[in-house]
Ligand SMILES: *Cc1c(COP(=O)(O)O)cnc(C)c1O
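Numbering (the working numbering), first residue to last: 975 to 1336.
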C-alpha cells in the first residue's frame, strides 16, 4: 500500500478526494453517454444542464449571489482579469484605486497601469510583523472607476478579515485563494473574481461575479474574450471554454454543498488554521511573520529559527508524505496551504512532523 500524501501546494492545489474518485469513475463514460465529458460539445444538452447551469446554480446557492449579479466561467485564470477589469471598467480619463498588500496586488497594479492611471491608496507595512493599515489612513479617490484589493495574499499569507468601505466606488476583489472558504456578503462587491486552482478546481479557468450596472462598453481595443458584455450575452460560451476544468469545478461545488456549505467549511478552515498557528506561536523553533489581525486562514508561511535546516526540513517532510511545503522564492522558508480540500488529518500529520523535527534538531 502506498503512503497517504498530503499536498500543501499553494496552487494548483489539492482537490477533494471524493471529487477525484468521481472524476475517475466517470472518465470513460460520463452519464451513460459512453463518452468522456472531455469529448462532448459544450453546447450539448448534457454539458449545458449538468455542468454549466448546475455549477452556476450551485455557486449562486453557496455564496447567496443576488440576482443582479452575473456569473461567468472564463479561461485565463485570475491573471486574465488583471487586464479585463481595467479594460471594462475604466472610462477614458478615469483613474482606479488599488490596495497593495503583497505579490498578487503588485501584479494586478502593474497590469492595470498599462490601461490607465492607477493610484495605490494603501500598502501593507512591514515592521516587526507584516500588517494592513486601517482604512482611515487610506487616501481613497471618490471618482475612481473602482477600488481593487486582494482579500487573501497567497504568497505573503496576509488576509483581510474586514471589508473595505468604498461608498459609491465599486469594490473589486481578487478572491483567487479564499473564495468559498467562508461566507461573505456578495453585495459588498462590484466584482469578485478568482482563478480556480486554489479552492475551486484545476487551473486555466476562473470565475467572475459581476454586478449588472458594471457591465458596459469596454475600451475599443479590448480583446473579444475579455469583453464582459460579450461573455455575458454568450453565457461564457463565446469560444470553447475549458470544459474539463469546468466539469471538475461543478463536482467541487457539489462536494462543498455536501460538506454543509460555507458555514461548515469556514468552521473546518478555522480549526485547521488555529491548530497550526497555535503550535507555531508556542514553539521557539518556528515563527510566522504576519500580524495576528491579518493572518491568512488559507496560506500559512512559517520559517525555522535556523534557516540552515530548511533543506533538511523539506527533504524529511516530503519523505513523510507532506508535499510542497517550500515557501515562495520571494518569501523563503515554508508555506502550508490549507484550502477547503485539506482534511484536518493533513494538518495533524504536519504538526506531528513539525514537533518531532523540532525535538530532533532544536
Ligand atoms: C494564484 C493567484 C493568481 C493567479 O492566478 P492564475 O490563474 O495563475 O492567473 C492571482 N491572484 C491570486 C490572489 C492568486 O492566488
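Cβ coordinates follow ideal geometry from the N, Cα and C atoms, glycine included. Bear in mind that the values here come from a model prediction, so they are computed numbers and not experimental data.
- Residue 1313 carries a coil assignment under DSSP once its states are collapsed to helix, strand and coil.
- Contact annotation: residue 1182 and residue 1165 have beta-carbon atoms nearer than 8 Å.
- At least one heavy atom of ligand 1 falls within 7 Å of the beta-carbon of residue 1052.
- Distance from the CA atom of residue 1201 to the CA atom of residue 1298, rounded to whole angstroms, is 36 Å.
- Scanning its chain for C-beta atoms nearer than 7 Å, with the 5 sequence neighbours on each side dropped, one finds around residue 1103 the residues 1263, 1264, 1265, in chain order.
- The beta carbon of residue 1125 lies closer than 7 Å to those of 1133, 1134, 1147, 1149, 1152 in the same chain, with the five residues before and after it left out.
- According to DSSP, residue 1133 shares a beta bridge with 1126.
- Shortest Cα-Cα distance from residue 1168 to any of 1187, 1292, 985, 1109 involves 985.
- Annotation: the continuous beta strand (DSSP E) that includes residue 1072 extends over 1069 to 1074.
- The beta carbon of residue 1091 sits closer than 7 Å to the beta carbons of 1069 from its chain, once the five residues preceding and following it are set aside; these are given in chain order.
- Here the alpha carbon of residue 1191 sits roughly 17 Å from the alpha carbon of residue 1046.
- Here residue 1221 is not bridged, per DSSP, to any residue.
- Note: residue 1049 is bridge-paired with 1179 in the DSSP secondary-structure output.
- A residue is called buried once 16 or more other Cβ atoms fall within 10 Å of its Cβ, and residue 991, having fewer, is exposed.
- Every unbroken stretch of the alpha helix (DSSP H) spanning 4 or more residues and falling wholly within the region 1010 to 1063 is given here in chain order: 1028 to 1037, 1051 to 1063.
- Residues of the same chain with a CB within less than 7 Å of the CB of residue 1002, apart from the 5 flanking positions on each side, are 1010 in chain order.
- Assigned with DSSP and collapsed to three states, residue 1308 falls in strand.
- The alpha carbon of residue 1154 has as its nearest neighbour, out of 1106, 1226, 1196, 1101, the alpha carbon of 1226.
- Taking 7 Å as the cut-off, one finds at least one heavy atom of ligand 1 near enough to the beta carbon of residue 985.
- With contacts defined as CB atoms closer than 8 Å, residue 1177 and residue 1250 fail to qualify as a contacting pair.
- For residue 1145, the three-state secondary structure derived from DSSP is strand.
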